[in-house]
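As structure tokens, the structure follows; a few thoughts come after it.
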Amino acid sequence: ALPYLDRAIELDPKLAEAYYKRGYVHFSLEEMDLAELDLNKAIALNPKLAEAYSERARVYGEKGKLDMALSESAKAIALAGSDAKANWFQDRAAWYAQKGDKVRAIEEYSNAIHRDARDPWLFFFRAAMYYKTGAYQKAISDLNIAGKQPTGVSIGRVRELRAQCYDKLGQHDLAAKDRKNANGDALEQMADF
């Protein structure tokens with residue numbers, strides 16, 4: 007893709023979308039400095055290009071600049087409005103979790119779920135945050151949803167975290183049942199290899 011994007015920029019050096027897309031490719035190739043340069047250029051050319059702010063937020067997140075990542079993602083979400091993507095909120099949740107702000111992480115996972123309730127990982131990740139805040143019943147509710155999705159989250163991971171929640175609630179029989187089923191799932195998966 008890079009040669010085509012280079013050519014597009016050569017033909018129209020003011021095409022913000024080409025710089026954004028090239029920045030995305032550089033990000034995917036783990037070339038963060040090049041990604042940041044292209045995203046800066048995209049935003050300079052079109053300060054209303056929400057996707058460029060979101061991608062620049064991801065670059066900052068990868069560089070460990072979490073406050074800058076959160077600030078950039080807030081700009082992206084404000085510009086996109088109702089078109090903001092679920093993964094933008096998921097990224098914000100992860101950054102808040104890295105900062106130790108579990109409550110804000112839960113809020114952002116909830117925003118992501120509001121935009122894409124079909125993604126079982128969002129429920130799983132929110133359940134993990136609920137677990138860390140001691141909201142075990144809420145974690146179990148989310149894990150039940152994540153475990154019913156047809157694809158995505160490993161059912162063994164769901165059962166193991168749910169077992170930990172049951173243990174915290176003193177429901178050791180349910181915890182033991184989930185652990186036994188999780189072990190059975192792991193053996194089944196290994197048999198497929």
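The sequence shown lines up with residues 7 to 199 when you count with the numbering used here.
Even glycine gets a Cβ: it sits at the ideal position worked out from N, Cα and C.
Just so you know, these numbers come straight off a predicted model, no measurement behind them.
query	result
Member of 56, 144, 135 whose CA lies at the smallest distance from the CA of residue 111	135
Buried versus exposed, by CB contacts within 10 Å (16 or more), residue 20	exposed
Contact belief for residue 44 with residue 59 at Cβ below 8 Å, rounded distance in angstroms	Rounded, the Cβ-Cβ distance is 13 Å, inconsistent with contact.
As assigned by DSSP and simplified to three states, the class of residue 71	coil
Segments assigned alpha helix (DSSP H), at least 4 residues, entirely inside the segment 128-168	142-154
Inter-stretch contact at 8 Å, needing at least 3 Cβ pairs: the segment 128-147 / the segment 169-182	yes
Residue 71 versus residue 31: straight-line alpha-carbon distance, rounded	20 Å
Status (buried if at least 16 other CB within 10 Å, exposed otherwise) for residue 29	buried
Cβ separation of residue 92 and residue 122, assumed to be a contact under 8 Å, to the nearest whole Å	4 Å
C-alpha gap between residue 61 and residue 126, whole angstroms	23 Å
Burial state of residue 79, where buried means 16 or more other Cβ atoms lie within 10 Å	buried
Backbone secondary structure at residue 52 - three-state DSSP	coil
Start-to-end residues for the alpha helix (DSSP H) that takes in residue 34	22-34
Spatial distance of residue 48 from residue 41 (CA atoms)	11 Å
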